[in-house]
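What follows is a single structure, written as structure tokens, with notes after it.
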Amino acid sequence: MSAAQKPMGAAPVQIARRPDGTLLVTPVPVLGAYPRCLTERLEHFAGLAPDRTLIARRDAALDGDWRRISYAEAWRRVQALGQALLDRGLSAERPLVFLSGNCLDQAMLTLAALHVGVPVAPVSPAYSLLARDFAKLRHCLALLTPGLVFANDQARFAEATAAAVPAGTEVLSAEDMPALLATAPTPAVARAAAAVQPDDVAKILFTSGSTGQPKGVVNTHRMLCANQQMLREAFPFVAEEPPVLLDWLPWHHTFGGNHNIGLALYNGGSFYMDEGRPVSGGYAESLRNLGEIATSIHFNVPRGFEELVHHLTQDRALRRVFFSRLRMMFYSAAGLPQHIWNALDALALAECGRRIPMFTGLGATETAPFCLIVREEHSESGAVGLPAPGIELKLAPVAGKMEARVRGPSITPGYWRNPAATAAAFDEEGFYRFGDALVPLDPEDLHKGFRFDGRITEDFKMATGTWVSVGPLRAKLVAALAPYVKDAVIAGQDRDALAAILLPEREACAGIPDLPARLEAGLARLAAEATGSSNRVTRAVLLDAPLSLDAGEITDKGSINQRAVLAQRAALVESLYADPPGPDIICLAEISA
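All residue numbers for the sequence shown refer to the UniProt record's numbering, where the first residue is 1 and numbers rise by one.
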């Protein structure tokens, strides 16, 4: 059987149960060998397929055509840039920091730094461009003590660099790249590359800061390489068919910067940078690219798949190109609505006579991120699957739930210059604590895998002592209020009833005169399915003001910090429980404080 014919997704596992109820889930296959560092794969393909496109981005100077960098050209640039970094004395104590978003210069500088053993730290551009006081940016840079800062567009980042970059630190931009690329490599590059060890720091990626200031997650070379080997064993076809990807996900996040671009590099594939975004007014560029680049794997967030379904349904030419090479789809960040999943299945059947497998899993910045993956035959919305080869999964009883904990070669050794956070992140056996709860897809057959059961830190008790499982309830609430609500914050700690702050989907809500009545009807639908007060939301209010990045209410990924919103909007929460309720409160039934 060829690799392209092998089943995809999770491999068989062994399951053991301890007397205290803890489950240990261990993959049967042993993880295969992987290289010392990622640039060994770059060197390999620079020799094997020198002219193949490694990475490409549309360029206005080429009339919108793709500016491509081949494997051979990337290898040449890595030598020159590696020497330029060594000349500046960069090291683990003086890493290379990126402030700007995805660009070809960042891709080449990152590979060069990895090659010569200089850690890279891409910081969210939101901390420079959207924040008001640069507090998070200052925190990140003080923690890193950078030896070099790169911001692609110097003018756009001038205010942030002036406010937050430590005095005396060199700051470079795209204007400086020609000089860096003209650096003549010396034997020092090869010596530095040979000295890189698997457990050396490769990247420092920051958490979203949803529970305080962002923490710097150490990513070692072993983590990155082992993770890519796990991906290759879960999706064997990439070993025979170099993957072609079109991707917009930001590189300061582990999914875009490790998982996706790494998948292309590790398997000799081609990575096309997408300037579009699955947001209002931002998807046109993605459609242009999808109509031109036939991808073998499509990665996206649920909102992106919703946009895609709408346009695939209407555009036959787009549908033909999109499905022409597609082997699988993969979503992350949130649950994929079942009607979107069903629509993708129907479109694939109509276009190519077969369904295209849809995958998801569970990962984190601390897991590089690939960790748990569904089996193809047990893939469904909310499922996270089973551990990848090389990963041990422990499910430990915590607060009435089963917390996911993992151990393996792709798990972080800890947080940069933060021993207290490192110690708190691992249990007594060295398992990293996800903080996520899981439940079996089928209690009678644990080999089918597990599904997400919410964040343990978000759950709370009502006045009755009943626990509220916030994650699953929030998902059900948003589904019940679709398409008018995109997310919600659940209130009710130490109260007799639950209430919610609703984040409106602005376009869907515009011009709807009976919106309160529609939302009340959605609350009633949810209440009809409720089994008690812990999953019945009785009052809600639409949030008018946007959530604040500076106040920690929203992360740079756009996810909501439940606790921060409740703390910052304490007055709004009190208004939800006022008697009588105000005119803006949507009420299902009377509640008491």
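Note that beta-carbon positions come from the ideal geometry of N, C-alpha and C, so glycine has one too. In this text the structure is predicted, and so the values were computed from the model without any measurement.
With distances taken from CA atoms, which of the options is nearest residue i?
i	options	result
valine 573	Leu441, Ile490, Ala131 and Thr254	Ile490
glycine 147	Leu86, Ala158 and Ala155	Leu86
alanine 80	Cys140, His115 and Pro409	His115
tryptophan 75	Ala112, Ala192, Thr22 and Leu90	Ala112
leucine 349	Val165, Arg320, Phe330 and Ala49	Arg320
aspartate 274	Tyr266, Ser280, Ala284 and Leu265	Ala284
threonine 313	Lys476, Ile411, Ala396 and Leu344	Leu344
isoleucine 411	His378, Leu386, Lys394 and Pro369	Pro369
alanine 545	Leu99, Glu505, Ser124 and Pro513	Glu505
proline 12	Trp467, Thr22, Leu23 and Val28	Val28
valine 238	Gly471, Lys6 and Gln562	Lys6
proline 236	Leu395, Val218, Phe45 and Tyr266	Tyr266
proline 337	Phe255, Ala383 and Phe450	Ala383
glycine 9	Glu377, Phe323 and Cys140	Glu377
threonine 41	Gly335, Ala264 and Asp579	Per the sequence shown, residue 41 should be read as arginine rather than threonine. Closest option to arginine 41, Cα to Cα, is Ala264.
cysteine 587	Leu542, Ala570, Ala571 and Arg563	Leu542
For residue i, count neighbouring Cβ atoms within 10 angstroms of its own Cβ and tell me buried if that reaches 16, exposed if not.
i	result
residue 595	The structure shown has nothing for residue 595, since the chain only spans 1 to 593.
lysine 215	buried
isoleucine 391	buried
aspartate 487	buried
serine 280	exposed
arginine 18	exposed
serine 583	Note that residue 583 corresponds to proline in the displayed sequence, not to serine. Classification for proline 583: exposed.
valine 217	buried
isoleucine 512	exposed
proline 419	exposed
glycine 414	buried
leucine 224	buried
Residue i to residue j, Cα distance in whole Å?
i	j	result
alanine 226	glutamine 568	41 Å
leucine 205	alanine 49	31 Å
arginine 94	tryptophan 248	29 Å
alanine 188	alanine 84	11 Å
alanine 234	lysine 203	24 Å
glutamine 154	alanine 164	14 Å
isoleucine 373	glutamate 292	30 Å
glycine 353	aspartate 453	35 Å
alanine 160	proline 581	44 Å
aspartate 200	leucine 137	25 Å
arginine 405	alanine 510	43 Å
proline 122	leucine 23	36 Å
glutamate 240	cysteine 37	21 Å
glycine 262	valine 171	27 Å
leucine 290	cysteine 103	19 Å
threonine 365	alanine 33	23 Å
alanine 482	glycine 335	14 Å
threonine 220	alanine 16	30 Å
Within the same chain, show all residues whose beta-carbon is closer than 8 Å to that of residue i, passing over the 5 residues directly before and after it, in chain order.
i	result
isoleucine 340	Pro302, Phe305, Glu306 and Val309
leucine 547	Leu503, Glu553, Ile554, Ile560 and Val565
lysine 461	Trp467, Val468, Gln493 and Asp494
phenylalanine 323	Leu347, Ala348, Glu351, Cys352 and Ile356
Among the residues of its own chain, which have a CB less than 7 Å from the CB of residue i, if the five just before and after it don't count?
i	result
leucine 473	Ile490 and Asn535
aspartate 105	Asn152, Ala174 and Met177
isoleucine 297	Pro243, Leu245, Arg327, Met328 and Phe330
phenylalanine 157	Leu99, Ser100, Ser128 and Ala151
aspartate 499	Here the sequence assigns alanine to residue 499, which means aspartate is not the residue at that position. Here the set comprises Ala491, Gly492, Val537, Thr538, Arg539, Ala540, Leu576 and Tyr577.
leucine 109	Leu81, Leu96 and Phe150
alanine 530	Arg536
Which residues in the same chain have their Cβ closer than 6 Å to the Cβ of residue i, if we skip the five residues on either side of it in sequence?
i	result
alanine 480	Gly522, Arg525 and Leu526
isoleucine 55	Ile69, Ala107 and Phe271
phenylalanine 434	Ala404
So that I know if they touch, is there some Cβ in chain C lying closer than 8 Å to that of residue i?
i	result
asparagine 561	Protein chains in the displayed structure number just one, and chain C is not present.
Point to revise | Segments of 4+ residues assigned as alpha helix (DSSP H) that fall wholly inside the region 160-245 | key: 177-181, 187-195 and 221-234
Exercise for review: Report the residue ranges of all beta strand (DSSP E) runs contained in full by the region 25-102; include only those spanning at least 3 residues, in chain order.
Suggested key: For the region 25-102, the full-length beta strand (DSSP E) segments reaching 3 residues or more read 53-58, 66-70 and 96-98 along the chain.
Practice item. Would you mind listing the alpha helix (DSSP H) stretches within the region 288-343 that are 4+ residues and don't spill past its ends, in chain order? Key: 302-314 and 316-324
**Study point:** Ordered list of alpha helix (DSSP H) runs contained in the region 333-404, each at least 4 residues
**Key:** 338-352
Check your understanding: Of all the alpha helix (DSSP H) runs that stay within the bounds of the region 418-473, which reach a length of 4 or more residues?
Key -> 419-425
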